[in-house]
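Here my numbering is used: the first residue of the sequence shown is 217, the next is one more, and so on.
Where is the CB? At the ideal position from N, CA and C, for every residue including glycine.
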Amino acid sequence: VQLQASGGGLVQPGGSLRLSCAASGSMFSINTMSWYRQAPGKQRELVALIASGGNTNYADSVKGRFTISRVNAKNTVYLQMNSLKPEDTAVYYCNLVRPISGGVDDYWGQGTQVTVSS
217 VQLQASGGGL
227 VQPGGSLRLS
237 CAASGSMFSI
247 NTMSWYRQAP
257 GKQRELVALI
267 ASGGNTNYAD
277 SVKGRFTISR
287 VNAKNTVYLQ
297 MNSLKPEDTA
307 VYYCNLVRPI
317 SGGVDDYWGQ
327 GTQVTVSS
């Protein structure tokens, strides 16, 4: 499985960006997809998650501002980010967790930089 993230960039505070992550392979719909981020000097943290059934979960810091969604027919997960703040600046990574016999496999994309600055 390969994950290709895109959509990052420089945006002013209060602005919006939409990140995309396209996955290779089959049976995308059974996977749990997530977005993580890592700011300089900080640990990687979970931003948002969407399960195979469509249930979502968000970090408290992004609730009400970010929306995760998926289009299984396109093997793609999205992160719509609104009302961006300077503290949202980080490298954003998509993650895929796939159930396998006896456990799970997980895969990471290459990361896309999001910078929120005036």
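So is A239 buried or exposed if we call it buried at 16+ other beta carbons inside 10 Å?
Residue mapping note: residue 239 aligns to position 23 of the sequence shown, counting from 1. Label assigned to A239: buried.
Residues near R234 by beta carbon distance below 8 Å, same chain, minus five either side:
If you number the sequence shown from 1, residue 234 lands on position 18. Cβ neighbours of R234 beyond the five flanking positions: G223, Y294, L295, Q296 and M297.
Out of A264, S268 and G270, point me to the one whose CA is closest to G280's CA.
As a first step, residue 280 is located in the sequence shown; it is residue number 64 there, counting from the start. Selected option, being the one with the closest Cα: A264.
Taking the beta strand (DSSP E) that S250 belongs to, which residues open and close that run?
As a working note, residue 250 is residue 34 in the sequence shown. Element bounds for S250: T248 to Q254.
Alpha-carbon to alpha-carbon, G225 and V320
Counting from 1 along the sequence shown, the entry for residue 320 is found at position 104. Counting from 1 along the sequence shown, the entry for residue 225 is found at position 9. Straight-line Cα distance between these residues: approximately 32 Å.
My output table needs one value for A289: the three-state DSSP class, helix, strand or coil.
Position 73 of the sequence shown, counting from 1, holds the residue named residue 289. Three-state DSSP puts A289 in a helix.
So the candidates are S285, G269, D304 and P256; which of them puts its Cα closest to the Cα of V278?
Residue mapping note: residue 278 aligns to position 62 of the sequence shown, counting from 1. Out of S285, G269, D304 and P256, D304 has the C-alpha closest to the C-alpha of V278.
With distances taken between CB atoms, is the gap from N288 to S245 smaller than 8 Å?
Reading the sequence shown from its first residue, position 72 is the one you call residue 288. Reading the sequence shown from its first residue, position 29 is the one you call residue 245. Yes, the pair counts as a contact, with Cβ atoms nearer than the cut-off.
What does P315 pair with, by DSSP beta-bridge criteria?
Taking the first residue of the sequence shown as 1, we reach residue 315 at position 99. DSSP, once it has assigned bridges, lists V320 as partnering P315.
Report buried or exposed for M243, applying the criterion of at least 16 other Cβ atoms within 10 angstroms of its Cβ.
Position 27 of the sequence shown, counted from the start, is the residue given in the question as residue 243. It is exposed - the Cβ of M243 has fewer than 16 other Cβ atoms within 10 Å.
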